[in-house]
Ligand SMILES: [Ca+2]
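Numbering (my numbering), first residue to last: 31 to 271.
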């Protein structure tokens, strides 16, 4: 017996109508990292160095006004939608982070070493984040931070970008924590600051008198709907190193 095409179409539409919403949403409606980690995919991972505890200034101090920017590079092989990030850092116990400015720059390869370019491709302020202390050496405290991005960042596949994380602090300082050597990728972290009169990006080791080489600790999470199989951190690492 032949079954009419229109009948089959009606059956298919009816099946879609009874499919649970979460099965079709593909995680896009649930982007809070701590609640829905099963819906997110780790696409970039530079873990913190909890042996040396290296760090470098990266923040906006409200009073007296000063800014410090440390940035590190990354790339993704597809246009994954980056919806959440993790980072680690140090601050004094008396300091409270008001919000966190996340800036992503284009890459500028045509200088004596790669640095962030003039073009800002993403900038948002995070007002909701988690802060979990992992080490205490008073008056300093090292913590692990987790946050959703207010707006997803959609990179162009294969492009290199620079991430800068700057907590906004009233009267103190924040230092972004360094990553382990095994997770080094691309170029060394770079730095600028009006406080130090450094307005052109230079490497952290060039700015510092005590740091030989440094890259920063951060993790990028993508919405699982946008991740293509084989494009996770491990695959990228194997491809480029
Ligand atoms: Ca790097």
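Ideal Cβ placement from N, Cα and C applies to all residues, glycine included.
- Query: Where does residue 123 fall in DSSP's three states?
  - Reply: In the chain shown, counting from the first residue as 1, residue 123 sits at position 93. Here residue 123 sits in coil by DSSP.
- Item | Presumed contact (8 Å Cβ cut-off) between residue 222 and residue 99, rounded CB distance | Locating residue 222 in the chain shown gives position 192, counting from the first residue. Locating residue 99 in the chain shown gives position 69, counting from the first residue. About 5 Å separates the two Cβ atoms, so the contact holds.
- Query: Which residues mark the beginning and the end of the alpha helix (DSSP H) in which residue 234 is found?
  - Reply: By one-based count along the chain shown, residue 234 stands at place 204. Segment 234-237, the alpha helix (DSSP H) holding residue 234.
- beta strand (DSSP E) containing residue 183: first to last residue? Along the chain shown, read from residue 1 onward, the residue named residue 183 stands at position 153. Run containing residue 183: 170-183, per the beta strand (DSSP E) assignment.
- Query: Can residue 113 and residue 179 be called in contact, C-beta distance under 8 Å?
  - Reply: The residue you call residue 113 lines up with position 83 of the chain shown. The residue you call residue 179 lines up with position 149 of the chain shown. Their beta carbons are under 8 Å apart, which means residue 113 touches residue 179 by this criterion.
- C-alpha distance - residue 189 paired with residue 250, whole-angstrom precision: Taking the first residue of the chain shown as position 1, residue 189 is located at position 159. Taking the first residue of the chain shown as position 1, residue 250 is located at position 220. Near 15 Å, if we compare the C-alpha coordinates of residue 250 and residue 189.
- Item | Whole-angstrom distance between residue 186 and residue 109, CA atom to CA atom | The residue labelled residue 109 in the question sits at position 79 within the chain shown. The residue labelled residue 186 in the question sits at position 156 within the chain shown. Each residue's alpha carbon lies about 5 Å from the other.
- Would you say residue 93 and residue 196 are within 8 Å of each other, going by their C-beta atoms? Here residue 93 refers to the residue found at position 63 when the chain shown is read from its first residue. Here residue 196 refers to the residue found at position 166 when the chain shown is read from its first residue. Cβ distance not < 8 Å, so residue 93 and residue 196 don't count as in contact.
- Query: Residues near ligand 1, CB to any non-hydrogen atom under 7 Å, in chain order?
  - Reply: Those satisfying the condition are, in chain order, 102, 103, 214, 215, 216, 217, 218, 219 and 245.
- Which one or two residues does DSSP pair with residue 228 in a beta bridge? Here residue 228 refers to the residue found at position 198 when the chain shown is read from its first residue. Looking at the DSSP assignment, residue 228 forms a beta bridge with 223.
- Query: Measuring CA to CA, which of 253, 247 and 252 is closest to residue 76?
  - Reply: By 1-based counting over the chain shown, the position of residue 76 is 46. Residue 247 is the option with its Cα nearest to residue 76.
- Message: For a test of the three-state rule: what should DSSP assign to residue 82, helix, strand or coil?
- Response: By 1-based counting over the chain shown, the position of residue 82 is 52. Looking at residue 82 - three-state DSSP - the assignment turns out to be coil, as it is neither helix nor strand.
- Message: Between which residues of its own chain and residue 245 is the CB-CB distance below 6 Å, once the five residues before and five after are set aside?
- Response: As a working mapping, residue 245 is identified with position 215 in the chain shown. For residue 245, where only same-chain residues beyond five positions count, the Cβ hits under 6 Å are 102, 209, 214 and 219.
- Task: Just the C-alpha distance for residue 137 and residue 123, rounded to the nearest angstrom, thanks.
- Result: Here residue 137 refers to the residue found at position 107 when the chain shown is read from its first residue. Here residue 123 refers to the residue found at position 93 when the chain shown is read from its first residue. Computed Cα separation, rounded: 35 Å.
- Item | As assigned by DSSP and simplified to three states, the class of residue 154 | The sequence position of residue 154 within the chain shown is 124, counting from 1. Correct three-state label for residue 154: strand.
- Query: To the nearest whole angstrom, what separates the beta carbons of residue 116 and residue 175, a pair I think is in contact under 8 Å?
  - Reply: One-based indexing of the chain shown puts residue 116 at position 86. One-based indexing of the chain shown puts residue 175 at position 145. About 7 Å separates the beta carbon of residue 116 from that of residue 175, a gap short enough to meet the 8 Å contact definition.
- Grab me the residues of residue 162's own chain with a C-beta within less than 7 Å of its C-beta, minus the 5 sequence neighbours each way, in chain order. Taking the first residue of the chain shown as position 1, residue 162 is located at position 132. Correct list, in chain order: 173 and 174.
- Burial state of residue 199 (16 or more Cβ within 10 Å): Sequence index remark: in the chain shown, residue 199 carries index 169 (1-based). It counts as buried.
- Query: Taking Cβ to Cβ, would you say residue 164 is nearer than 8 Å to residue 132?
  - Reply: Counted from its first residue, the chain shown places residue 164 at position 134. Counted from its first residue, the chain shown places residue 132 at position 102. Not in contact: residue 164 and residue 132 (Cβ atoms no closer than 8 Å).
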